[in-house]
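Asker: Sharing a structure below in structure tokens format, with a few things to ask.
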Amino acid sequence: MRAFLLIPAIGLLAACETVTPVAGTGFNTPQYQAQREAQLAGQGVAGNPLFPPAVISSEGAPSTDGFSDPYGTQQSLAAGTASDASAQDIANQTAAALASTSAPNSAAPLPQVVDPNNPGISDEQDFEAVSSRQTIESDAARIERNKANYEVVAPTAIPERSGDAQPNIVQYALSTSHPVGTQLYSRSGFNLLAKAQRNCAKYPSPDQAQIAFLESGGPQRDRKGLDPDGDGFACGWDPSPFRRAVNN
89 MRAFLLIPAI GLLAACETVT PVAGTGFNTP QYQAQREAQL AGQGVAGNPL
139 FPPAVISSEG APSTDGFSDP YGTQQSLAAG TASDASAQDI ANQTAAALAS
189 TSAPNSAAPL PQVVDPNNPG ISDEQDFEAV SSRQTIESDA ARIERNKANY
239 EVVAPTAIPE RSGDAQPNIV QYALSTSHPV GTQLYSRSGF NLLAKAQRNC
289 AKYPSPDQAQ IAFLESGGPQ RDRKGLDPDG DGFACGWDPS PFRRAVNN
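Under my numbering, read the sequence shown as residues 89 to 336, first letter to last.
Written as structure tokens, this is what we have:
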């Protein structure tokens, strides 16, 4: 009876006992550690079932140095080297072109032509420049030559007008003294101002209108309808500038 009771107790103790891994099996074996280190180092282990054979294409073929190039690194490096060489050639050509354009001109400078009739800016106020080419005696001789060439022109009578007898508005302006708008002459009719505006529009300037006004009998008469206020000045013509010119 006691023997039957001891059997279940022994079974429980065996179930609670810690299992010690046996060397040579499982994931914690030296063989697994070696395979793991080889995998991390990028080297496969022959005959290892944990590393199935991979499909190798022509793109990943081993290179001459013993390493594979699955991403075409060698081709990219070759293309980059060719591009660098092309860029270097362009840089060399550019430097040569710049050197040729910036080379100093060995040709002799052209002689400056001085025109005696057009001396340019005068240097008569420069004492050093004048003293280098003039002396007191030569300067005195030049002054005497200028005096000899100096000629006083005697005033002559003002020439009289010839040809047509066109009225002189300057003389007419100086013969008057009343302000513009002061009525001196009588004017009769209807709508004189409106008619004068239409008639004055026919002349390019007040001076031309004043000449036509004087030619048609003005200032006493206004046959052309240019002086509606009777001041003797047609189409707003103003004699003040001529008067001021004489007074000044």
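The beta-carbon is built from N, C-alpha and C at its ideal position, and this holds for glycine as well. Fair warning: this is a prediction, and the values are worked out from it, not measured in the lab.
Would DSSP call K235 helix, strand or coil?
Answerer: Of the three classes helix, strand and coil, the one that applies to K235 here is helix, per DSSP.
Asker: Measuring CB to CB, does D319 end up less than 8 Å from V268?
Answerer: Result yes, Cβ atoms of D319 and V268 sit closer than 8 Å.
Asker: How would you label D211, buried or exposed, when you count the other beta carbons within 10 angstroms and need 16 or more for buried?
Answerer: Exposed, because fewer than 16 other Cβ atoms sit within 10 Å of the Cβ of D211.
Asker: Scan the region 218–304 and note each continuous alpha helix (DSSP H) run of 4 residues or more that stays entirely inside, going in chain order.
Answerer: Runs of the alpha helix (DSSP H) inside the region 218–304: 224–237, 257–262, 280–288 and 294–303.
Asker: Decide if L314 is buried, meaning its Cβ has at least 16 other Cβ atoms within 10 Å, or exposed.
Answerer: Per the 10 Å Cβ criterion, buried.
Asker: If we ignore side chains and look at the alpha-carbon of each, how far apart do T264 and N287 end up?
Answerer: The straight-line gap from Cα to Cα measures roughly 24 Å.
Asker: Could you give the C-beta distance for R331 and A261, rounded to a whole number, given that I count them as a contact under 8 Å?
Answerer: Confirmed, Cβ separation roughly 6 Å.
Asker: Would you tell me roughly how many angstroms separate the C-alpha atoms of T270 and A253, rounded to the nearest one?
Answerer: Their Cα atoms are separated by approximately 28 Å.
Asker: DSSP on L128, reduced to helix/strand/coil?
Answerer: If DSSP states are grouped into helix, strand and coil, L128 belongs with the helices.
Asker: Alpha carbon to alpha carbon, how far is S335 from H266?
Answerer: In the sequence as displayed, the identity of residue 335 is Asn instead of Ser. Roughly 15 Å separates the two Cα atoms.
Asker: Out of E248, A245, Y273 and D317, which one is the CA nearest neighbour of Q285?
Answerer: The residue with the shortest Cα to Cα distance from Q285 is D317.
Asker: When burial is assigned at 16 or more other CB atoms within 10 Å of the CB, is A187 buried or exposed?
Answerer: That one is exposed.
Asker: What is the DSSP secondary structure of S328, reduced to helix, strand or coil?
Answerer: Of the three classes helix, strand and coil, the one that applies to S328 here is helix, per DSSP.
Asker: For G277 and I299, I'd like the C-alpha separation in whole angstroms.
Answerer: Those two C-alpha atoms are separated by around 23 Å.
Asker: Work out the CA separation of A217 and I231 for me, nearest whole Å.
Answerer: Distance between the alpha carbons of I231 and A217: 18 Å.
Asker: Where does N335 fall in DSSP's three states?
Answerer: Three-state result, N335: helix.
Asker: For C323, which of T244, A179, G305 and Y291 has the nearest alpha-carbon?
Answerer: Cα-wise, what sits closest to C323 is Y291.
Asker: Quick one: what does DSSP say S174 is sitting in, helix, strand or coil?
Answerer: Looking at S174 - three-state DSSP - the assignment turns out to be helix.
Asker: Output yes or no for whether 8 Å exceeds the beta carbon distance between K312 and F321.
Answerer: Going by C-beta atoms, K312 is not nearer than 8 Å to F321.
Asker: By the three-class DSSP mapping on this structure, what secondary structure does E212 have?
Answerer: E212 falls in the coil class under three-state DSSP.
Asker: With DSSP collapsed to three states, give me the class of L314.
Answerer: The answer is coil: DSSP assigns L314 none of H, G, I, E or B.
Asker: Tell me the rounded alpha-carbon separation between R124 and P118.
Answerer: Computed Cα separation, rounded: 10 Å.
Asker: Give me the Cα-Cα distance between Q222 and P294, rounded to the nearest whole angstrom.
Answerer: The alpha-carbon atoms of Q222 and P294 are separated by roughly 59 Å.
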